[in-house]
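Chemist: Taking numbering that gives the first Met the number 0, I'd label the letters of the sequence shown as residues 0 to 203. A single structure is presented below for examination.
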Amino acid sequence: MMKKSESTKLNILHNGMAYAAAYGLYSISIGKIAAVTNMSRTGVISHFANKEDMQVAILAYTEEEFKKQVVEASIDEDALKHLNNFQQRWLEWLSFLDTVSPGQQASCPLIKASVEFKASPHCLVRQFMQDQHMKMINYLTKLAVNCQQQGYFNNALEPTIFAYEFYGLYTGHVVQTSLIDNPTLAVTYKKVVNGLIERYMKKL
């Protein structure tokens with residue numbers, strides 16, 4: 000059974016993720032999290048060393064949610080199905096964030112943090128995001144390698160380039176959806192990603 004302190008911390012992290020999805024991680028403070036969780040500032044900070052520690056913890060919680068909602072839910076022994084599952088789940092991740100930030104136009108806290116802290120090279124948040132970025136590129140590269148090994152992708156093409164393109168398309172989509180309220184953007188994104196996958200497929 001989860002201890003009350005653990006349950007309280009999870010509540011803080013979940014609300015922190017929702018706040019970051021709506022307003023960005025950079026704007027998070029102890030006071031703002033205390034307000035959205037109906038806790039005292041002392042109650043919030045008792046779970047963390049400082050604000051930066053709380054911000055990193057919120058990102059780590061978000062990453063774990065991403066793993067559950069997207070990565071683990073996409074797994075399939077068939078490499079191409081795995082890839083297609085992942086591209087669909089990754090798109091649906093934005094819809095999931097909308098549900099945890101009702102009334103707000105949510106976006107991915109992980110991508111937001113990459114931009115918000117780009118001018119802070121020595122802070123822990125930026126270091127976390129650099130590590131998270133490399134894990135994502137490596138994961139996407141592995142998906143492409145698996146598609147090559149199972150005979151779907153052309154072996155002459157470079158998996159790391161596929162990963163770079165795929166990641167770039169997704170981050171571009173996230174930026175556009177945060178600026179433009181257009182429901183057709185998701186359809187356009189899927190067409191572009193499917194076109195990317197088609198370019199890497201073996202030609203019969």
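Even glycine gets a Cβ: it sits at the ideal position worked out from N, Cα and C. Quick caveat, the model's predicted, so the values are computed rather than measured.
At the level of alpha carbons, what is the spacing between M135 and S45?
Modeler: The alpha-carbon atoms of M135 and S45 are separated by roughly 32 Å.
Chemist: What would DSSP say about F47, mapped onto helix, strand or coil?
Modeler: coil
Chemist: Do the CB positions of Y169 and M200 come within less than 8 Å of each other?
Modeler: no
Chemist: Assign F165 to one of three DSSP states: helix, strand, or coil.
Modeler: Residue state, collapsed to three classes: helix.
Chemist: Looking at the secondary structure, which residues open and close the alpha helix (DSSP H) in which D97 lies?
Modeler: 78 to 99
Chemist: Pick out the complete alpha helix (DSSP H) segments inside the region 139 to 192, 4 residues or longer, and give them in chain order.
Modeler: For the region 139 to 192, whole alpha helix (DSSP H) runs of length 4 or above, ordered along the chain, are 158 to 178.
Chemist: Identify whether M16 lies in helix, strand or coil by the three-state DSSP scheme.
Modeler: helix
Chemist: Quick one: what does DSSP say M200 is sitting in, helix, strand or coil?
Modeler: strand
Chemist: Short of 8 Å in beta carbon distance, which residues of its chain neighbour H81, apart from the five on each side in sequence? Order them along the chain.
Modeler: S73, I74, D75, L142, N145
Chemist: DSSP three-state label for H132, please.
Modeler: Correct three-state label for H132: helix.
Chemist: Would you call the CB atoms of M16 and T61 closer than 8 Å?
Modeler: A contact, by the Cβ cut-off of 8 Å.
Chemist: Label V253 either buried or exposed according to how many other C-beta atoms from any shown protein chain fall within 10 Å of its C-beta, with 16 as the threshold for buried.
Modeler: There is no way to answer for residue 253, as the model of the chain reaches only from 0 to 203.
Chemist: Can you tell me the Cα-Cα spacing of A185 and S39, whole angstroms?
Modeler: 40 Å
Chemist: Could you spell out the range, first to last residue, of the alpha helix (DSSP H) harbouring L109?
Modeler: 108 to 115
Chemist: Can you list, in chain order, the residues of its chain with a C-beta nearer than 6 Å to that of I23? Leave out the 5 residues immediately preceding and following it.
Modeler: A small fix is needed here, since residue 23 is Gly in this sequence, not Ile. K111, E115.
Chemist: In three-state DSSP terms, what is D52?
Modeler: D52 falls in the helix class under three-state DSSP.
Chemist: Tell me which same chain residues have a C-beta within less than 7 Å of the C-beta of S119, skipping the five on either side of it?
Modeler: Cβ neighbours of S119 beyond the five flanking positions: R125.
Chemist: For I196, which residues from the same chain have a beta carbon less than 6 Å from its beta carbon, with the 5 sequence-adjacent residues on both sides left out?
Modeler: none
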